[in-house]
Amino acid sequence: MMQFLTQDHKLIRAATDTIILKGRNKGKDCYSGFGSSAEDTGLLQGLRSLGVKSIFIVGFCTEYCCASTAQDGVKHGFEVYLVEDGCGTLSEETGRKTIADLRGAGVNVVSSNDLLM
1 MMQFLTQDHK
11 LIRAATDTII
21 LKGRNKGKDC
31 YSGFGSSAED
41 TGLLQGLRSL
51 GVKSIFIVGF
61 CTEYCCASTA
71 QDGVKHGFEV
81 YLVEDGCGTL
91 SEETGRKTIA
101 DLRGAGVNVV
111 SSNDLLM
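Structural data, given as structure tokens:
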């Protein structure tokens, strides 16, 4: 089940958490967490340096940032999981289409319940 805009929740951070920033170049879009030709977020290098093989994506919005990050993750050779109920969509229709496109691109679409079992 897809989620739509919800209230913000307080983020609990550990001292060891790494924060990846994107979209800091004014006038240049950067939807993917991996960055763009105009901006390197450092995410790819960070994941590779840690030996990460799989990534799990949650966030807003499915149609742009989540989809771009998922597609780039596949392109970079990661096993990518999009947590469907952990992502917000602009509309149910565009969300469904994006999810179908991501499945076709090799992204594993799961629910948060799948991860708890």
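Residue numbers (full-length UniProt numbering): 1 to 117. Backbone N, C-alpha and C define an ideal beta-carbon position, used for all residues, glycine too. Owing to the predicted nature of the structure, the values given are computational and were not obtained by experimental measurement.
- Shown here, SER112 sits in a helix according to DSSP, grouped into three states.
- For LEU82, the enclosing beta strand (DSSP E) covers residues 79-88.
- Looking at the backbone, the Cα of ASP85 and that of THR18 are separated by about 24 angstroms.
- By the CB criterion at 8 angstroms, THR62 and ILE20 fall outside the cutoff.
- Annotation for SER68: the continuous alpha helix (DSSP H) segment containing it runs 67-75.
- The beta carbons of LYS28 and THR41 sit no closer together than 8 angstroms.
- The segment 49-58 and the segment 71-90 touch, with three or more beta-carbon pairs separated by less than 8 angstroms.
- Across the structure, GLY46 and ALA14 are spaced so that their CA atoms are roughly 17 angstroms apart.
- Burial is judged here by how many other beta carbons sit within 10 angstroms of a residue's own beta carbon; GLY88 has at least 16 and is buried.
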